[in-house]
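Just so you know, the protein sequences line up as chains A and B, in that order.
Sequence positions in the first sequence follow this note's numbering and run 1 to 117.
Sequence positions in the second sequence follow this note's numbering and run 1 to 114.
These notes concern the structure reproduced below.
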Amino acid sequence: AQKITQTQPGMFVQEKEAVTLDCTYDTSDQSYGLFWYKQPSSGEMIFLIYQGSYDEQNATEGRYSLNFQKARKSANLVISASQLGDSAMYFCAMRERSSGSARQLTFGSGTQLTVLP
Amino acid sequence: NAGVMQNPRHLVRRRGQEARLRCSPMKGHSHVYWYRQLPEEGLKFMVYLQKENIIDESGMPKERFSAEFPKEGPSILRIQQVVRGDSAAYFCASSETALNTEAFFGQGTRLTVV
Chain A
1 AQKITQTQPG MFVQEKEAVT LDCTYDTSDQ SYGLFWYKQP SSGEMIFLIY QGSYDEQNAT
61 EGRYSLNFQK ARKSANLVIS ASQLGDSAMY FCAMRERSSG SARQLTFGSG TQLTVLP
Chain B
1 NAGVMQNPRH LVRRRGQEAR LRCSPMKGHS HVYWYRQLPE EGLKFMVYLQ KENIIDESGM
61 PKERFSAEFP KEGPSILRIQ QVVRGDSAAY FCASSETALN TEAFFGQGTR LTVV
């Protein structure tokens with residue numbers, strides 16, 4: 001089974017609107033972390049936001065927020081007030097903490113976001 | 001994050017040659033992770049190293065690939081006798097501890113095998 005599932009290969013959003021990028025995960029660990037990264041066309045991986053499994057509040061970083069629903073095993077990224085520079089590939093990732101290979105990140109297949117002027 | 005330095009940014013090798021990819025972690029970071037990104041895919045874990053030790057190489061192909069992180073100098077990912085299927089972007093990430101809430105990536109090395 002896929003550990004990280006991103007069901008939206010591509011998304012479009014109008015500039016200045018909000019957009020939600022979906023991410024569901026599969027783990028039997030109680031302790032884990034969820035990450036979102038942005039990969040623009042230039043190729044680098046830019047860390048956006050982190051959510052720990054024990055964090056009670058949803059993580060926020062500027063225009064980015066993570067809608068964490070633990071029971072549903074979802075960790076959707078919300079980008080508010082989209083900008084043209086937000087056009088990029090977005091990856092959801094998970095780090096499980098209690099398994100033998102705990103320290104690596106497992107990535108989803110990504111969502112290509114295009115912001116329309 | 002600009003703090004993790006990878007070089008070269010682009011590398012072209014002919015089939016059968018060796019490729020050496022370098023990663024200098026952020027200052028104070030002793031944990032290094034290598035990932036591979038095939039075209040149109042997400043990143044896949046390859047190997048996790050601490051200084052002078054390979055901790056987890058469960059994602060490394062059994063043959064032709066090796067990694068090291070010496071006491072002095074950068075971490076090296078070495079691919080011997082490259083084949084076309086090795087063409088990919090190779091990313092290095094570093095962290096201060098094993099369980100940091102952030103993992104900073106370098107800009108990647110894009111390997112093209114011709």
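From the three backbone atoms N, C-alpha and C, an ideal C-beta is built for every residue, glycine too.
Since the structure is predicted, the reported quantities are computational estimates derived from the model, not experimental observations.
Boundaries (first-last residue) of the beta strand (DSSP E) holding residue i
| i | result |
| --- | --- |
| residue 39 (chain A) | 32-39 |
| residue 113 (chain B) | 109-113 |
| residue 51 (chain A) | 46-52 |
| residue 118 (chain B) | In the structure as shown, chain B begins at 1 and stops at 114. Residue 118 (chain B) is therefore absent and cannot be evaluated. |
| residue 4 (chain B) | Per DSSP, residue 4 (chain B) belongs to no beta strand (DSSP E) and is neither H nor E. |
Span separating the alpha-carbon of residue i from that of residue j
| i | j | result |
| --- | --- | --- |
| residue 109 (chain B) | residue 53 (chain A) | 32 Å |
| residue 109 (chain A) | residue 40 (chain B) | 8 Å |
| residue 113 (chain A) | residue 66 (chain A) | 16 Å |
| residue 91 (chain A) | residue 36 (chain A) | 6 Å |
| residue 15 (chain A) | residue 40 (chain A) | 17 Å |
| residue 15 (chain B) | residue 84 (chain B) | 7 Å |
| residue 1 (chain B) | residue 106 (chain B) | Note that residue 1 (chain B) scores a pLDDT of 45, beneath 50, so its modelled location is shaky; the value from the coordinates is reported in the next line. Roughly 6 Å separates the two Cα atoms. |
| residue 91 (chain B) | residue 57 (chain A) | 31 Å |
| residue 9 (chain A) | residue 87 (chain A) | 13 Å |
| residue 75 (chain B) | residue 103 (chain A) | 17 Å |
Short CB-CB distance (under 8 Å) between residue i and chain A
| i | result |
| --- | --- |
| residue 56 (chain B) | yes |
| residue 42 (chain B) | yes |
| residue 89 (chain B) | yes |
| residue 67 (chain B) | no |
| residue 19 (chain B) | no |
| residue 1 (chain B) | With a pLDDT of 45 at residue 1 (chain B), under the threshold of 50, the modelled position of that residue is not reliable, and no figure is offered here. |
Test: residue i CB closer than 8 Å to a CB of chain B
| i | result |
| --- | --- |
| residue 61 (chain A) | no |
| residue 109 (chain A) | yes |
| residue 91 (chain A) | yes |
Pair within 8 Å by beta-carbon distance, residue i and residue j
| i | j | result |
| --- | --- | --- |
| residue 26 (chain B) | residue 34 (chain B) | no |
| residue 74 (chain A) | residue 115 (chain A) | no |
| residue 31 (chain B) | residue 6 (chain B) | no |
| residue 10 (chain B) | residue 94 (chain B) | no |
Within chain A, partners of residue i - CB distance below 9 Å
| i | result |
| --- | --- |
| residue 108 (chain B) | 43, 44 and 45 |
Partner residues on chain B for residue i, Cβ-Cβ distance less than 7 Å
| i | result |
| --- | --- |
| residue 34 (chain A) | Here the premise fails: no neighbours, minimum Cβ distance about 10 Å. |
Within chain B, partners of residue i - CB distance below 9 Å
| i | result |
| --- | --- |
| residue 66 (chain A) | Going along chain B, no residue has its Cβ under 9 Å from residue 66 (chain A), so there is no contact; the nearest lies around 12 Å. |
Per-residue contacts from residue i into chain B (C-beta, under 8 Å)
| i | result |
| --- | --- |
| residue 118 (chain A) | Chain A is shown only over 1 to 117; residue 118 (chain A) falls outside these bounds and no answer can be derived. |
Cutoff 8 Å: residue i Cβ touching any chain D Cβ
| i | result |
| --- | --- |
| residue 68 (chain A) | Going by chain labels, chain D is absent from the structure shown, which instead holds the protein chains A and B. |
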